[in-house]
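Chains as they are written, first to last, in UniProt numbering: chain A, 1 to 143; chain B, 1 to 147; chain C, 1 to 320. Heads up, the beta-carbon is just placed ideally off N, CA and C, and yes, glycines get one too.
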Amino acid sequence: MKFPYLKEAIKSAFKKPSTEPYPKVNKEAPEGYRGKIKYYPEKCVNCGLCIRVCAPGCITRTIEKVEEGDKVTFTFYQGQCTFCSLCADFCPRGAIELTKDYHLAVTDPKDLIVSGTFIKKAPPKPPVQPQNQPAAKNQESNA
Amino acid sequence: MLKELIAKSFEKSPWLFHLNTGSCNGCDIEIVSVITPRYDAERMGFKLTGTPRHADIVLVTGPITSQSKDRLIRTLAQVPDPKVVVAIGSCPRSTNVFNGSYSVEGPLDKYVPIDVSVAGCPPKPEAIIDGLAKAIEILKEKRRAMK
Amino acid sequence: MVVLSYLFYVLVFPGLLFSTIVGLILSGIDRKVVARMQKRIGPPIIQPFYDFFKLLGKETIVPRTASRKTFLYAPVIGLLALVTVALFIPMFKFTAISTVADIIVIIYLLTIPAVALIIGGAASGSPYAGVGISREMVAIISYELPLVIVLLTIGKKVGMALNNGAITFSLSQIVNYQAQYGPMITKWSLIPAAIALLLIIPIKVGSVPFDIAEAETEICEGPLVEYSGVPLAIFKLNHAIKMFIMTSLFVTLFLSGKGTGILIVDILLQVILSAIVVIVSISTLKAITARLKVEQVLKFFWTYPTALALLSLILVWMGF
């Protein structure tokens, strides 16, 4: 019979426990932790690259036509997110950021949704060209 | 007085049952790490039980695969009232990357209302402790509604 | 008046209430000490009380395949047996009930909680419970032999001094012997028997290296698999009281003596010594070992503790 941990157990009984007092003292996540998503709509250019790289498909985009241009809404449903950070890596403008906040326990799933809206202004309309061969163009488009 | 004691005991001694419905084991490892010396959920009275009959809080991980669907429903039916269902990770909430697979029958709220969901893939043990703290509040409310 | 005093014995002082409170506190101390040995903070010492009261508030489910009455009354049978044992164990000078053959009664009555567990598990109709009760039987087979030899050894030692060489089975006589000649642990020929009994206590209460019957990670808590609510609370209470009774029996057999003469101080001393025995024999083993296999438990108990107990018996028989 061997009890290799006997010494260790008796020593530990008189030492300070190594438990972290978590709910009382908040703990910072380590550097590079991928937590809650933050979306900056003012930086976004509506390229849609994040939607293409998202594996679970948690990013959805809705576009509404308004007077000034397109009203674009990006919605991130974190209940479906893998926190892989691919969207943030691929974003050409840095409009998506995965913060170090990990407090994602919720009772209402609506709290997991992060969304942002911006209005993408339509480019100024070019001056109307005189139409030379309207009949021929119509034929091409029909064909 | 006995009623008050029981009501107080409900927040001090919630027992957990861990149910894996086809998870990738990431969340399971994080659940186990909640009861390690570093996080030590036992100081709040949490205890992992071996059988659903002893449990108060059911921790579900994984998208519900078609093999585990029947077992999930039977296991949840075996938990005595009051009970709380906690979805650990993104999978039970929305089936995550397995969305649309032929062998996945999730998400969990098709079968049972989810009381608390902890997002993350996998969530940090601190986030699981947060979720369990919220689950205790719901457990107390359910106990009050019972009588 | 006699009836009232016996009612007091059964319901309050060495019986139900006292052994419930002390047992739950002892199991709380056990959990705390194990946690500290594993460098955790651990639950508060009154955690078993919270567990007990919470289970009283839960729904009680009786499975369809179970035989209802047996399933519900099995834990109560175990509790009654344990409360009866609590009456027989003297605390220094104080005894509630004393007969000429306490030890035999205790050996029989201490088997009943295990049998109640077997009956309850068998009545629940679950295959896990079936595996669990077969393992519980293996546990009973393994610990009964060394336990009886240890008790015989002490009986012989006391009998040679006080009873003209005939084995005594009376616990009050054992306490008298210790009051005259000092605690039993100071006799060197009985130290192997003390170690054997320290190893028997964990399997008797079903704690970690020997908890083959209630292996919760392996066979879903064995016989308790279908229990919930109040019957489960009573089983947990049985577990706690068993812990108190086994350690109290150890204190009475090996560490007893004259006492201080004041009843309350004596009782406190008994409880504190019991807590020390819990820490030495149950918590330390629990913190440093993992569960043994079924055949390893049988092999272990029929070699080391049996050999130690037999060694003591032979030494005592030879007059040391």
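Legend entry - Classification of Ile154 (chain C) by the beta-carbon crowding that lies within 10 angstroms, buried from 16 upward: That one is buried.
Legend entry - Stretch-stretch touch, CB-based, cutoff 8 Å, three pairs: the segment 66-85 of chain C with the segment 37-57 of chain A: No contact exists between the segment 66-85 of chain C and the segment 37-57 of chain A.
Legend entry - Phe98 (chain B) in three-state terms, based on DSSP: Phe98 (chain B) falls in the helix class under three-state DSSP.
Inset, instruction - Check the Cβ of Glu59 (chain C) against every Cβ in chain B and list those closer than 7 Å, keeping chain order. - result: The contacting residues are Pro80 and Asp81.
Inset, instruction - Check whether the Cβ atoms of Ser170 (chain C) and Ala86 (chain C) lie closer than 8 Å to each other. - result: Between Ser170 (chain C) and Ala86 (chain C), the CB-CB gap reaches or exceeds 8 Å.
Inset, instruction - Return the CA-CA distance between Ala215 (chain C) and Glu221 (chain C), expressed in angstroms with no decimal places. - result: Taking the straight line joining both Cα atoms gives about 5 Å.
Inset, instruction - Would you mind stating whether Gly125 (chain C) and Thr65 (chain C) have Cβ atoms separated by less than 8 Å? - result: It is a contact, given that the beta carbons lie within the stated cut-off.
Inset, instruction - Could you list which residues in chain A have their beta carbon closer than 7 Å to that of Ile288 (chain C), in chain order? - result: For Ile288 (chain C), the chain A residues whose C-beta falls within less than 7 Å of its own C-beta are Phe3, Tyr5, Leu6 and Ala9, listed in chain order.
Legend entry - the segment 266-282 of chain C touching the segment 19-31 of chain C, judged by at least three CB pairs closer than 8 Å: Taking one beta carbon from each stretch, the segment 266-282 of chain C and the segment 19-31 of chain C have 3 or more pairs nearer than 8 Å; the two touch.
Legend entry - Candidates C:Leu310, C:Phe235 and C:Gly261: closest to Ala81 (chain C) by CA position: Out of C:Leu310, C:Phe235 and C:Gly261, C:Phe235 has the C-alpha closest to the C-alpha of Ala81 (chain C).
Legend entry - Residues bridged to Thr62 (chain A) [DSSP beta-bridge criterion]: DSSP lists A:Thr73 as partners of Thr62 (chain A).
Inset, instruction - Taking only beta carbons into account, state which residues of the segment 72-84 of chain A come closer than 9 Å to chain B, listed in chain order. - result: Answer set for the segment 72-84 of chain A: Tyr77, Gln78, Gly79, Gln80, Cys81, Thr82, Phe83 and Cys84.
Inset, instruction - Put Glu42 (chain B) into one of helix, strand or coil per three-state DSSP. - result: Glu42 (chain B): helix per DSSP, three-state reduction.
Inset, instruction - Alpha carbon to alpha carbon, how far is Thr75 (chain A) from Tyr102 (chain A)? Give it in angstroms, no decimals. - result: Per the coordinates, the alpha-carbon of Tyr102 (chain A) lies some 19 Å from the alpha-carbon of Thr75 (chain A).
Legend entry - Interface residues of chain C facing Arg43 (chain B) [CB-CB closer than 9 Å]: What Arg43 (chain B) touches in chain C, judged by beta-carbon distance under 9 Å, is Ala35, Arg40, Ile41, Gly42, Pro43 and Pro44, going in chain order.
Legend entry - CB contact flag (Ala233 (chain C), Leu24 (chain C), <8 Å): No. Outside cutoff.
Inset, instruction - Could you give the DSSP three-state label for Glu144 (chain C): helix, strand or coil? - result: It is helical.
Legend entry - Nearest to Pro63 (chain B) (by Cα), restricted to the options B:Thr36, B:Lys110 and B:Lys124: Among B:Thr36, B:Lys110 and B:Lys124, the Cα nearest to that of Pro63 (chain B) is on B:Lys110.
Inset, instruction - Spell out whether any CB of chain C is found under 8 Å from the CB atom of Lys38 (chain A). - result: Chain C contact via Cβ: absent.
Inset, instruction - Give the straight-line distance between the Cα atoms of Thr82 (chain A) and Phe98 (chain B), rounded to the nearest whole angstrom. - result: Their Cα atoms are separated by approximately 11 Å.
Inset, instruction - Report all residues from its chain with a CB closer than 7 Å to the CB of Ile112 (chain C); omit the five preceding and five following residues, and keep chain order. - result: Cβ within range, chain order: Ile77, Gly78 and Ala81.
Inset, instruction - Give a yes or no on contact between the segment 27-44 of chain B and the segment 71-79 of chain B, applying the rule of three or more CB pairs nearer than 8 Å. - result: Segments in contact, no.
Legend entry - Buried or exposed by the 16-neighbour rule on C-beta atoms within 10 Å, applied to Lys83 (chain B): Looking at its Cβ environment, which holds 16 or more other Cβ atoms inside 10 Å, Lys83 (chain B) is buried.
Inset, instruction - Flag this pair as yes or no: are the beta carbons of Pro202 (chain C) and Leu253 (chain C) separated by less than 8 Å? - result: Between Pro202 (chain C) and Leu253 (chain C), the C-beta gap is not smaller than 8 Å, which leaves the two residues out of contact.
Inset, instruction - Go ahead and label Pro4 (chain A) buried or exposed: buried means 16 or more other beta carbons lie within 10 angstroms of its beta carbon, across all protein chains shown. - result: By the neighbour-count rule (16 or more Cβ atoms within 10 Å), Pro4 (chain A) is not buried but exposed.
Legend entry - CB contact below 8 Å: Pro37 (chain B) versus chain A: Yes, contact with chain A.
Legend entry - Residue range of the beta strand (DSSP E) that includes Gly15 (chain C): Judged by DSSP secondary structure, Gly15 (chain C) falls outside any beta strand (DSSP E); it is assigned neither H nor E.
Legend entry - Residues of the segment 266-286 of chain C whose Cβ lies closer than 8 Å to any Cβ of chain A, in chain order: Going along the segment 266-286 of chain C in chain order, one finds Thr284 with a Cβ nearer than 8 Å to chain A.
Legend entry - Residue-chain proximity (Ala135 (chain B), chain C), Cβ-Cβ < 8 Å: Put simply, the CB of Ala135 (chain B) is far from chain C, with every gap to its CB atoms at 8 Å or more.
Inset, instruction - Inspect the beta-carbon positions of Leu147 (chain C) and Ile195 (chain C) and report whether they are closer than 8 Å. - result: For Leu147 (chain C) and Ile195 (chain C), no; Cβs fall outside 8 Å.
Inset, instruction - Return no unless some Cβ of chain F is closer than 8 Å to the Cβ of Ala145 (chain B). - result: Given the protein chain composition of this structure (A, B and C), no chain F is represented.
Inset, instruction - Can you pull the chain B residues whose beta carbon is under 9 Å from the beta carbon of Lys65 (chain A), in chain order? - result: None at all; the shortest Cβ gap to chain B is about 30 Å.
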